[in-house]
Every structure is written in structure tokens, then in C-alpha cells.
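Have a look at the structure below before the remarks.
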Amino acid sequence: MQKKNLFGILILIAYFASCNQIHKTHYENGWYHILSQQKDSIAKESIVTVKDFVSLRMDSDENGTCVIVGQISKHKLKKWAKETEKAIGKHIAFVLDDTVITNPKVNARIENGVFQISLPHGYDLKNIYNKIRKEKIDSIESIFKGWEKDSIYYSSKEKADSIVFAIDYWEASEWVDMSVNPEDHYWWGDLDTATYSKLESALCEEIAKPNFSSRAEDYMKLDTYKRYKAYLCENADYINLMFQGFLFTEPATGLCGFLVDDIVRSRYPTAPSIRVMTLKIDNQDDEMFAKLKYQKAIWRLMNKERDAKSNKQ
0 MQKKNLFGIL ILIAYFASCN QIHKTHYENG WYHILSQQKD SIAKESIVTV
50 KDFVSLRMDS DENGTCVIVG QISKHKLKKW AKETEKAIGK HIAFVLDDTV
100 ITNPKVNARI ENGVFQISLP HGYDLKNIYN KIRKEKIDSI ESIFKGWEKD
150 SIYYSSKEKA DSIVFAIDYW EASEWVDMSV NPEDHYWWGD LDTATYSKLE
200 SALCEEIAKP NFSSRAEDYM KLDTYKRYKA YLCENADYIN LMFQGFLFTE
250 PATGLCGFLV DDIVRSRYPT APSIRVMTLK IDNQDDEMFA KLKYQKAIWR
300 LMNKERDAKS NKQ
């Protein structure tokens, strides 16, 4: 009987231990919204993370207090500005190793991408600085893992680390991706931009007319839209010019998203929906990354089609 009780206790301990592990939330190091006045009530999604930083330095504020000052990637500036505007009058938190290091109150929208970490009570600021710096450097080095290092890397580690830290994570990722995953990128030759521009301009003028309709189906019946769509469906390379035009730069959840989906899926029926891929995104920076992911999906289809044609010849 004692053996049975002991076995039951061990199961109970194991159960509670597993429950604690399940409910323990892991946060990527970075800045987060605080959901309430409680310091540990942190949003699940980050505002920006360490890999989004492009500069970091030890400094002092107007009171002579030691602080860490950092700069966010240009590809996250709009998101940082929008999220700090949302947090005006509230607190945001910098989380490191699943711990809130500091939770400053936001007084204004921050458009320049600068942030400051100060007054981490009970923490060594220099140690925090070194941890953040190492994480960003490691994130860049992981992108270039296996690549040959420049001679400066071996001659001056400190100088090399400074250069590596300043590299934009998103630009480095995209640069490497172009060489590692060529099927996700599409290269096209000379295009008749004059004809395309004429068709696009005519469509843009038609769409810009006030009070025409709130229904995408009505715009799809326009002759200017039909001519534009037919030209892209017959000449798929020009979809790349659409990716640079007004249909693609406008928010994808609106009218333009419906039109892009209609055009692309008419040529490539298995293409994903740009509206679905951007549906839950509420800032321009993250939408830009979602649109890039969408472009790569379309480029894969375009490359597959081109390769199939080449194999037939």
C-alpha cells in the first residue's frame, strides 16, 4: 500500500511540474507592451527584438545616470513609432532572459527608432549591455554560418564585433537568402515599361475616382482593369512591375488586395492570398515583410513555370 501511495505522489509531482513548464512563457529578448499596471503582465507578441537593433552604446542621461542607448532597424521604424504611440501614458517593458529589466512610461510617439534602457534595479547594466550585444552579433553570425570570414575578423575582434552589430539583420537575411534559395527570387530581362505604365496609370485614375463603389467586384468589371489584368496574365514578368506599383504598396486588406489576388490567381491558381497573409497585421513594417514572403511564393511559381517551359525546348 505504501508503494502505491509513493507511486501516486510521484505522479502528482510530475504532473504539477509539467503544468508549471507548460504555463511558463518564454519571451524573445526585446521590447513588449505591458497589458496592465502589473509589471509582469507582458503581451505575447514583441514590439521589436534584439535582432532588430542596429546600434548600442553605454551613455549617461541628463542626470548623469548610466544608461544603454540603442537604435532600431530602419525596417522597423514605422512599427516602433506606431506601437509607442499606442503606449502613450502607459509602460512598455524590456525583457531579457524572460525577466522585465526596465519598464519606462511612454510620453510620446518615438519616430526616430531610439530607445533607452535605464534604472535596472538589482541588475548590472554593463552585463546587460554585453548580453544584448552578444545576442545581436550571434544572430548575424548565424546567418553567415559557414561563410568565409574577412581578415579583419581575426585581426581585431572588437572592431569586427562593432561592424557585425551594425549590420541590419533583415537586410543580411535577405542577401543570404538570395544566394541560398534562388528559387525564391525571380530575375527578369528588359520589359516594355511604357506600355505597362500606360495601363497602370489608366487603372489608377479610374480607381481614384470618388464614390464609384465599395465593392471589389465592381472594379473588376471596369475595362481599364480588364485590360491591365489581361496584359499581366499574358505577360507574367510584368507581375514584378505590379509588385512595385500602387496596387501592391496600398494596404493589402483593402480593395487593392482583392485585385492583386484576382490577377495573380488568374495566372497562378495555386498562389496564396495576399489578403490572408496580411490579415492580422496592423503596421506597415510587418506588412512589408509579409508582402515579401508573398512575393517569394509567387516567384517560386513563376520560376517553376519558366523551368517547365525551358525543359520542353
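With the numbering used here, the residue at position 310 of the sequence shown is 309, and numbering never jumps.
Glycine included, each C-beta is placed from N, C-alpha and C at the ideal position.
Computed from a predicted structure; not experimentally measured.
Give every residue of the same chain whose Cβ lies closer than 8 Å to the Cβ of residue i, excluding the five residues on either side of it in the sequence, and list them in chain order.
{"i": "residue 4", "result": "Any reading at residue 4 must be qualified, since the residue scores a pLDDT of 45, below 50, and its modelled position is unreliable; the value itself is stated next. Closer than 8 Å at Cβ, skipping near neighbours: no residue."}
{"i": "residue 231", "result": "237, 238, 241, 262, 266"}
{"i": "residue 101", "result": "92, 93, 116, 117, 118, 119"}
Whole angstroms are fine: how far does the CA of residue j sit from the CA of residue i?
{"i": "residue 205", "j": "residue 197", "result": "13 Å"}
{"i": "residue 188", "j": "residue 284", "result": "29 Å"}
{"i": "residue 70", "j": "residue 50", "result": "11 Å"}
{"i": "residue 57", "j": "residue 161", "result": "13 Å"}
{"i": "residue 169", "j": "residue 78", "result": "14 Å"}
{"i": "residue 223", "j": "residue 105", "result": "48 Å"}
{"i": "residue 245", "j": "residue 46", "result": "27 Å"}
{"i": "residue 29", "j": "residue 62", "result": "25 Å"}
{"i": "residue 157", "j": "residue 135", "result": "14 Å"}
{"i": "residue 218", "j": "residue 167", "result": "40 Å"}
{"i": "residue 25", "j": "residue 235", "result": "44 Å"}
{"i": "residue 130", "j": "residue 214", "result": "52 Å"}
{"i": "residue 96", "j": "residue 90", "result": "19 Å"}
{"i": "residue 92", "j": "residue 173", "result": "29 Å"}
{"i": "residue 42", "j": "residue 27", "result": "12 Å"}
Would residue i be called buried (16 or more neighbouring beta carbons within 10 Å of its own) or exposed?
{"i": "residue 297", "result": "buried"}
{"i": "residue 72", "result": "buried"}
{"i": "residue 32", "result": "buried"}
{"i": "residue 193", "result": "exposed"}
{"i": "residue 65", "result": "exposed"}
{"i": "residue 34", "result": "exposed"}
{"i": "residue 220", "result": "exposed"}
{"i": "residue 269", "result": "exposed"}
{"i": "residue 86", "result": "buried"}
{"i": "residue 76", "result": "buried"}
{"i": "residue 278", "result": "exposed"}
{"i": "residue 80", "result": "buried"}
{"i": "residue 88", "result": "exposed"}
{"i": "residue 253", "result": "exposed"}
Excluding the five sequence neighbours on either side, which residues of its own chain have a C-beta within less than 7 Å of the C-beta of residue i, listed in chain order?
{"i": "residue 202", "result": "223, 224, 227"}
{"i": "residue 307", "result": "none"}
{"i": "residue 276", "result": "289, 292, 293"}
{"i": "residue 313", "result": "Because the chain in this structure spans residues 0 to 312, residue 313 falls outside the shown range and cannot be described."}
Just confirm the distance between the C-beta atoms of residue i and residue j, as a whole number of angstroms; I'd bet it's less than 8 Å.
{"i": "residue 165", "j": "residue 54", "result": "6 Å"}
{"i": "residue 113", "j": "residue 68", "result": "7 Å"}
{"i": "residue 299", "j": "residue 183", "result": "6 Å"}
{"i": "residue 116", "j": "residue 127", "result": "7 Å"}
{"i": "residue 251", "j": "residue 286", "result": "7 Å"}
{"i": "residue 301", "j": "residue 122", "result": "Residue 301 to residue 122, Cβ: 51 Å. No contact."}
In chain order, what residues of the same chain lie with their CB nearer than 6 Å to the CB of residue i, ignoring the 5 residues before and after it?
{"i": "residue 52", "result": "69, 135"}
Identify every run of the alpha helix (DSSP H) within the region 153 to 207, keeping only runs that are complete inside it and at least 4 residues long; order them along the chain. 156 to 165, 168 to 179, 192 to 207
At 4 residues or longer, what runs of the alpha helix (DSSP H) sit wholly inside the region 264 to 311? Correct list: 273 to 276, 283 to 311.
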